[in-house]
Structures are given as structure tokens and as C-alpha cells.
Amino acid sequence: MQFTTSTLAAILAFTSSTVATPLQARQNALQDWKVTGVAVGTPSGRPGSYPWSSITANITDPNEINLGTAQSDGSTVIVPAGSQGINCVAKYFSKGGETPLGRTWPCDPVEDGYWTMKVLAGSSGSYSSTNFNLKFTHVADLVYQGSQYTASFEGEGHFEVGNQLAGTCGGSGVCGWGLAPGKNPVLVKANKI
């Protein structure tokens, strides 16, 4: 069997394109974020008690983020994997009837960007400290040789007592919830926005 040079080149081109396509797709897929901590605290509501409720969460992005090619020198601009949104805290005046809905809450500062958290209604369609969703946003933001490179990602997870959360309420009405045993980490699907 004889192969001409053009036939051999066509076979190699077809083979390399079919092999490269699944690899490229895998490289572009984002790994799930990992929520490694959620703590919910609500006050008793008794006269003279502390009137603030809070939700505190920690999350890790295991993805290395490619922000593109630098205009100045053609190098690839990368934000390393492992960025963490730590101490994302929603603190609200529950004694006054407030909820944490509709606000963007900051996480501790990080290098190469920032993290935020939003509290959303839970599976019941309303907010409860025992049933809610958390939407995290990770903005990768880097200045390289005088130019800014940025990309934004978000992911949302559900948290409910009896599933992802466990804890207790005391006789005074003070309640505290955290990630249930065996539920750490809670995986959150990340998407580029």
C-alpha cells in the first residue's frame, strides 16, 4: 500500500485535530469551587440580647485562570490556582426584621482580584437562616506591565439544615448552623460571566 505525501499529511492532520479537540475542551472546563466553611448565627431575640445575625462562608477556586496574552510582550497572563474567598460575611439587623437578601457582601482581600458573596432565597422561595442559597463571585484582576487583565466567574450553592447544614438552637432562641459532618466541602459549579 502506497501513501502519497499529501495523503499522509491529511491523515496526520485529521488525527491530530480529533485528538486535540477533547483535550482542549477539558482544559477549558472549570473545576468546581469548594465551599469549606459556612457558619450561621442568629440571636435569641430577647430584650437586651445582641441583635445581629450573620452568615460567614469560605470558598476556594482550584482553577488556574488564563487572562489572555499580554500586549506588551506576548506572554500569557495567569492568576494562580487556589484563590480563596475567606470570611465572606453577611451581617444583618435581624431584630429589626432585616434579611441579608439583595446586597453584595465582601470577602477578605486577596491578591490578583477579589471575592464577593450574595445571599439568595432558598428552595422555599424565601429566605430563612435554615434554607438559603449563596452566590459567590470571583473576579480575577491583574495588572501586568501597565495593562489590566480581568475575568469574572460565579457559582451558586444551596445550604439547608438537615442536608448541607447541621447545628442547634438553644432554649433562649440562639441558633448556630455549620456544614454538616461529611458535607465538607460543598462543591459549587463555577461559570464564566
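The sequence shown begins at 0 in numbering that gives the first Met the number 0 and counts up one residue at a time.
All residues carry an ideal CB built from backbone N, CA and C; glycine is no exception.
Identify which residue in the options has its Cα closest to the Cα of residue i.
i: V138; options: P108, C174, S123; result: P108
i: I64; options: G95, G40, D111; result: D111
i: C87; options: V76, S74, P105; result: P105
i: T98; options: S128, K182, G169; result: S128
i: I77; options: N183, Y143, K182, T103; result: Y143
i: Y91; options: K182, V160, G40, P184; result: G40
Roughly how many angstroms lie between the CA atoms of residue i and residue j, to the nearest whole one?
i: Q30; j: F158; result: 20 Å
i: L186; j: L66; result: 24 Å
i: S171; j: W51; result: 15 Å
i: V173; j: T167; result: 8 Å
i: N162; j: T136; result: 24 Å
i: L133; j: T55; result: 10 Å
i: A69; j: G101; result: 37 Å
i: T4; j: G73; result: Residue confidence is low: T4 scores 44 on pLDDT, short of 50, so the model does not pin down where it sits. Its coordinate-derived value is still stated next. Distance between the alpha carbons of T4 and G73: 35 Å.
i: S33; j: S71; result: The sequence shown places Lys at residue 33, rather than the Ser named in the question. Spanning the two alpha carbons is a distance of roughly 35 Å.
i: N130; j: S122; result: 7 Å
i: G36; j: I85; result: 9 Å
i: A28; j: S146; result: 26 Å
i: A80; j: L141; result: 14 Å
i: Q26; j: T59; result: In this predicted model, Q26 has a pLDDT of only 45, less than 50, meaning its place in the structure is not dependable; the value taken from the coordinates is given anyway. Answer to the nearest angstrom: the Cα atoms are 19 Å apart.
i: S53; j: G95; result: 14 Å
i: T103; j: A89; result: 8 Å
i: S48; j: W176; result: 19 Å
i: G156; j: T75; result: 31 Å
i: Y148; j: Y113; result: 13 Å
Under 8 Å by Cβ, that's how I've got residue i and residue j pegged, so tell me the actual separation to the nearest angstrom.
i: K188; j: F152; result: Actually they do not touch by this definition, with Cβ atoms about 10 Å apart.
i: Q83; j: N57; result: 7 Å
i: A179; j: A165; result: 4 Å
For the beta strand (DSSP E) that residue i lies in, which residues bound it at each end?
i: L66; result: 64-68
i: I85; result: 82-92
i: C168; result: 164-168
i: C144; result: The identity of residue 144 in the sequence shown is Gln, whereas the question assumes Cys. Element bounds for Q144: n/a, residue is neither H nor E.
i: K117; result: 112-120
i: G73; result: Where G73 is concerned, there is no enclosing beta strand (DSSP E), given that its DSSP letter is neither H nor E.
i: I58; result: 51-60
Quick one: does the C-beta of residue i sit closer than 8 Å to a heavy atom of the ligand ZN?
i: A150; result: You won't find the ligand ZN in this model; it holds no ligand whatsoever.
Query raised in the report: Is the stretch 108-125 in contact with the stretch 33-46, if contact means three or more CB pairs nearer than 8 Å?
Result: no
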